[in-house]
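Before any comments, here is the structure.
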Amino acid sequence: MNVVGRSVLAVTNRPTVRKLFSESAVGRRLSLRFVAGETIDDAAAAVQVLNEMGAQVSLDHLGEHVADVTAAVAARDDYLDCLDRIHADGLDANIAVKLTQLGLGLDDDLAVESLGALASRAADAGTTVTVDMEESELVERTVTAFETVQARHGNVGIAVQSYLYRTPADLDRIVARGGHVRLCKGAYAEPPEVAYQQTGQVDAAFDALTRRLMATPAIKPAIATHDNDRIDLAKQLAGSRTGPWEFQMLYGVRRNLQRSLLDEGYPVRIYVPYGTAWYPYLTRRMAERPANVAFFLRAAVGR
Ligand SMILES: Cc1cc2nc3c(=O)[nH]c(=O)nc-3n(C[C@H](O)[C@H](O)[C@H](O)COP(=O)(O)OP(=O)(O)OC[C@H]3O[C@@H](n4cnc5c(N)ncnc54)[C@H](O)[C@@H]3O)c2cc1C
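The numbering of the sequence shown is my numbering, which starts it at 3 and goes up by one.
Below, the structure written as C-alpha cells:
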C-alpha cells in the first residue's frame, strides 16, 4: 500500500472519524457503492443480478475482529443462514469469511471449529468456503486453520497476498492441501519487515505468483485484481492452463471491466459484501483509491 493509502487508513481508523461515518445516514448511503445492502435479502437480490450477467459470486457477511465469543458464534450462525439461502434460492455463490469474525484471536479453537461447521454446511449446499486473508500477524494461524479444515472437508480455499514476503512459502503448504487459492495484492498497511512497500515490487510478486498458480493443476487459482496489466498476464497464461481458474473482482469496482471480461467468455466471480459492519471494509476501499475519499467527502458535505 502506498503512502497516501496508509495516510487514509491512519485517518479513517481514528475513533472520531469512524463514528462520523459509521453512524451517519450519509455513511450508510455511501457504503452502498461497495456493499450490496444490510440484509441477506439485499445480498440475494445482488447475487441474482450478477448470476444473470454470467458471474459467480462470493458472499461476504461483513464483520471482523469481533468483540467477544457471543459475537463470533452469531457470525457463524449468520453464515450458516447465508449458506442455507444460497441452497434454497439456487444461487451460484460461495461464501468468503474472515477468521477474526469467527473468533480468531479470542478463541482460536472456536474459530477453527466454526470454519469446519461452515465447510460442512457449504458441502450440503454444493458450494465452498474461502478464507479471506487479514493482517500479517494473523497469517500463520490463518494458514494453519485452512490446512486443518481443508484436510477434513476438502471444499475450502484461502486468499494470499502478493505484498507479503512469506507468501511463496505459504503456497507450498496450501498447494499440498489443494482447494482454491485467491491471489490478491493485499489491503492492509504492513511494515517493511514483512511486506513489499513499492507498487512495482507488489506487482512483480503478483505476476510471479500468477505464473506459479496458473501452472499448478492441484489448485484452482482465482486472480483477484482490477489491474489491467495483471489481468492481461492471466489471460496470456489461460491458454496453457489445465484445470479451472477464474478472475475475481469486488462488487462496485470497475463494473465495465467485469462485464467485458464476461463478454469475452472469461470466468468471473464477484465478491459481494453485505451487512451492517461495513465501515472497516469501506476504509480499505478508500485507501486503495484515494479518489474515493474525495467522493465520500463531497457527498458528506452535500455537494
Ligand atoms: C475478489 C477480491 C478479494 C480480495 N480479498 C482480499 C483479502 O482476502 N485480503 C486482502 O488483504 N485483500 C483482499 N483484496 C483486496 C486487494 O488486496 C487489493 O487491495 C485490491 O484488490 C486493489 O488492488 P488491485 O489488484 O485491484 O490493484 P490496484 O492497482 O490497486 O487497482 C487497479 C485499478 O483498479 C481500480 N480500483 C482498485 N481498487 C479500487 C477501489 N477501491 N475503488 C475504485 N477503483 C479501484 C482503479 O482503477 C485502479 O487503478 C481482495 C480483492 C479482490 C478483488
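Each residue gets a CB set at the ideal place from its N, CA and C atoms; glycine is no exception.
{"Item": "Own chain, CB closer than 8 Å to A293, minus 5 neighbours either side, in chain order", "Value": "none"}
{"Item": "Between the CA atoms of G29 and R35 - distance to the nearest angstrom", "Value": "11 Å"}
{"Item": "Near ligand 1: D234 beta-carbon under 6 Å from a heavy atom", "Value": "no"}
{"Item": "Residue nearest to V1 in terms of C-alpha spacing, selected from V51, V295, L85", "Value": "Outside the shown range of the chain (3 to 305) lies residue 1, about which nothing can therefore be said."}
{"Item": "Beta-carbon spacing of V59, V49 below 7 Å", "Value": "yes"}
{"Item": "Contact under 7 Å by Cβ, A220 with V177", "Value": "yes"}
{"Item": "Per-residue burial, Q238 [other beta carbons within 10 Å of its own, 16 or more giving buried]", "Value": "exposed"}
{"Item": "Segment limits, beta strand (DSSP E) that includes Y281", "Value": "No beta strand (DSSP E) holds Y281; the alpha helix (DSSP H) holding it covers 281 to 290."}
{"Item": "Three-pair Cβ contact test at 8 Å for the segment 224 to 236 versus the segment 10 to 30", "Value": "no"}
{"Item": "Whole-angstrom distance between L166 and G188, CA atom to CA atom", "Value": "8 Å"}
{"Item": "R305 in three-state terms, based on DSSP", "Value": "With a pLDDT of 48 at R305, under the threshold of 50, the modelled position of that residue is not reliable, and the figure given next carries that caveat. Coil, per DSSP."}
{"Item": "8 Å contact criterion, which Q151 and G118 should meet: CB distance rounded", "Value": "It should be noted that the sequence gives Val, not Gln, for residue 151. Indeed they touch by this definition, with Cβ atoms about 5 Å apart."}
{"Item": "Contact check, C186 vs A153, beta carbons under 7 Å", "Value": "no"}
{"Item": "Where D62 falls, given that 16 or more other Cβ within 10 Å makes a residue buried", "Value": "buried"}
{"Item": "Under the three-state DSSP convention, the category V68 falls into", "Value": "coil"}
{"Item": "Beta-bridge pairing of Y276 - partner residues as DSSP gives them", "Value": "H63"}
{"Item": "For V68 and P246, the rounded distance between their alpha carbons", "Value": "35 Å"}
{"Item": "Residue environment, V145, which counts as buried when at least 16 other CB atoms sit within 10 Å", "Value": "buried"}
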